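Below: the structure, in structure tokens.
2 protein chains.
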Amino acid sequence: MPKRGHYDRTTVHAIIDEALVCHVAFAVNGEPTVIPTLHARRGEELLLHGARTSRLLRHVAEGNPVSVAMTLIDGIVLARSIFHHSVNYRSVVVHGTGRLLESDEEKLSALEAVAEHIARGRWADTRPPSRKELKATSVVSIPIELAAAKIRTGPPMDEDEDYALPFWAGVLPLSLQPGKAIPDPRLGRGIEVPAYLRRYRRVGS
Amino acid sequence: MPKRGHYDRTTVHAIIDEALVCHVAFAVNGEPTVIPTLHARRGEELLLHGARTSRLLRHVAEGNPVSVAMTLIDGIVLARSIFHHSVNYRSVVVHGTGRLLESDEEKLSALEAVAEHIARGRWADTRPPSRKELKATSVVSIPIELAAAKIRTGPPMDEDEDYALPFWAGVLPLSLQPGKAIPDPRLGRGIEVPAYLRRYRRVGS
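If you're matching them up, the sequences are chains A and B in order.
Residue numbering for the first sequence follows numbering that gives the first Met the number 0, starting at 0 and increasing by one per position.
Residue numbering for the second sequence follows numbering that gives the first Met the number 0, starting at 0 and increasing by one per position.
This is the structure in structure tokens:
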């Protein structure tokens, strides 16, 4: 199978950065829950933020383990046999326990990472959090230490005897593409779409 | 906040069908794990398949609960304040316990749903599983009963006093788009890209 584990930092970081959102799993009394949420990376830390009242963030702050997946879909893999159909993807799963960021300084720096994760260049082009907003926001940091990347690329792998079958086989690439920016109906006159949104790409951010 | 819970079946089914992959959370001895995997829907059942040796599938087959998220990203929401930045998305989370499909007939029908989930029209255009392949494959079915959909759409919501700020605000749409089909290097001559791949869309499948 053309699947491999990739554990080098550069690969892991690139997948985390390209994925806009992640899926966080946590367990309460053995009951698992999964939640999609926005993340960001700051060096070797994975940052999750949300309302101070968030059940997930309080759970992490209490020292409970989480598992966080970042998944990028690159295409569907169409083999001659249904058995060998697959998906081309890149994913990272991070396991670990986190800590709650306590100081305003650390929280601000984390929210800067979040803004830059959403769109590189955005932090300088938005109103930073007020003291009240900062107080209403929790941020947890999870070390990117126990991280496993998985990548599948390339064409389908069929059984030898199936290559003669008359079915089309190959890959249909899929990727998350930006459309045309939609201005807020209440946008002030003369405010143009910034360059970092006109040439927006998740890759290589 | 322009977030709402949507619980009607049509909305839940449409999100499950449009999402190519899901994220499954399960817990072993209190340790949560999340795994991205391909899913399919058959009526009110969510189907997961994989190798018979799959840790996740055996866990489900033993009657343990899982939480499964299907998430569609529709865009980034850029507010004048960093605090009100968000993501437009549609997601469904299904909680439940599953059952292992036992008969070859039920497994075949489930794998047909998987093929059609990957690309509508594919099942009739591929070699069905052999007895041996069927034996190597496990399929579990989870009822789509405890399902919660969440949807965020529309422009950012800023604080009243922030609307006068000189920052661009609005939505940058994002969507999973197909590229040009890449034929398998070993594709037989004269086999054209089928119509269901030329006009491939996840929506309304």
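The beta carbon of each residue, even a glycine, is placed where N, CA and C say it ideally should be.
Since we're looking at a predicted model, the values are computed, not measured.
Of all residues in the stretch 51-74 of chain A, only P64, V65, S66, V67, A68, T70, I72, G74 place a beta-carbon less than 8 Å from a beta-carbon of chain B.
A:S174 is a Cβ neighbour of B:Q176, given a cutoff of 9 Å. Around the Cβ of B:V23, a 10 Å sphere holds 16 or more other Cβ atoms; the residue is buried.
Spatial neighbours of B:I117 in its own chain (CB-CB distance under 6 Å, excluding positions within 5 residues in sequence) are not present.
Using beta-carbon distances, A:E191 counts as an interface residue toward chain B, with a partner under 9 Å. About 41 Å separates the beta carbon of A:P142 from that of B:D183, a gap too long to meet the 8 Å contact definition. Close partners of B:G42 in chain A (Cβ separation under 9 Å) are lacking, with about 20 Å as the shortest Cβ gap. Scanning chain B for C-beta atoms nearer than 9 Å to the C-beta of A:Y199 yields I75, L171, L173, reported in chain order. In the DSSP assignment, the residues bridged to A:R40 are A:L45. Where B:T10 is concerned, there is no enclosing beta strand (DSSP E), although the alpha helix (DSSP H) around it starts and stops at 8-17. B:R119 sits away from A:I81, with the two beta carbons spaced by 9 Å or more. Within chain A, no C-beta atom comes nearer than 9 Å to that of B:A112; the closest sits roughly 11 Å away. Beta-bridge analysis with DSSP links A:P182 to B:G169. Against chain B, a Cβ distance below 7 Å from A:R185 picks out Y162. For B:R79, the closest alpha carbon among the candidates A:P193, A:E144, A:S102 is that of A:P193. Within the stretch 116-140 of chain A, those residues whose Cβ lies closer than 9 Å to any Cβ of chain B are, in chain order, I117, A118, R121, W122, D124, T125, R126, P127, P128, S129, E132, L133, A135, T136. Going by C-alpha positions, B:S137 is about 6 Å away from B:A50. A:R130 and A:D16 have their C-alpha atoms spaced approximately 28 Å apart.
Shown here, A:V59 sits in a helix according to DSSP, grouped into three states. By the neighbour-count criterion, in which 16 or more other beta carbons inside 10 Å mark a residue as buried, A:P165 falls on the exposed side. Nearest C-alpha to A:L133 among A:V93, A:R200, A:S102, A:I34: A:S102. Beyond the five residues adjoining it in sequence on each side, B:A112 comes within less than 8 Å, by CB distance, of A39, R40, R41, L46 in the same chain, given in chain order.
Here B:K106 is buried. Its C-beta has 16 or more other C-beta atoms within 10 Å. Sequence-ordered contacts of the stretch 21-38 of chain A with chain B read H22, V23, A24, F25, A26, G29, E30, P31, T32, V33, I34, P35, L37 [C-beta pairs closer than 8 Å]. Between the C-alpha atoms of B:I190 and A:I72 there is a straight-line separation of about 26 Å. Within a 10 Å sphere around the beta-carbon of A:A180 sit 16 or more other beta-carbons, which makes this residue buried.
A:I143 has a beta carbon lying at 9 Å or more from every beta carbon in chain B. When CB distances to chain A are screened at a threshold of 9 Å, the residues of the stretch 85-110 of chain B falling below it are S85, V86, Y88, S90, V92, H94, L110, in chain order.
In the DSSP assignment, A:N87 is bridged to A:G74. For the 9 Å CB-CB criterion, A:R98 and A:A60 form a contact. A:E115 counts as buried, since no fewer than 16 other beta carbons sit within 10 angstroms of its beta carbon. Ranked by Cα distance from A:V76, the options A:L186, A:R151, A:R185, A:R201 are led by A:R151. CA-to-CA, the gap between B:V93 and B:E144 works out to about 7 Å. CA-to-CA, the gap between B:P128 and B:A18 works out to about 24 Å.
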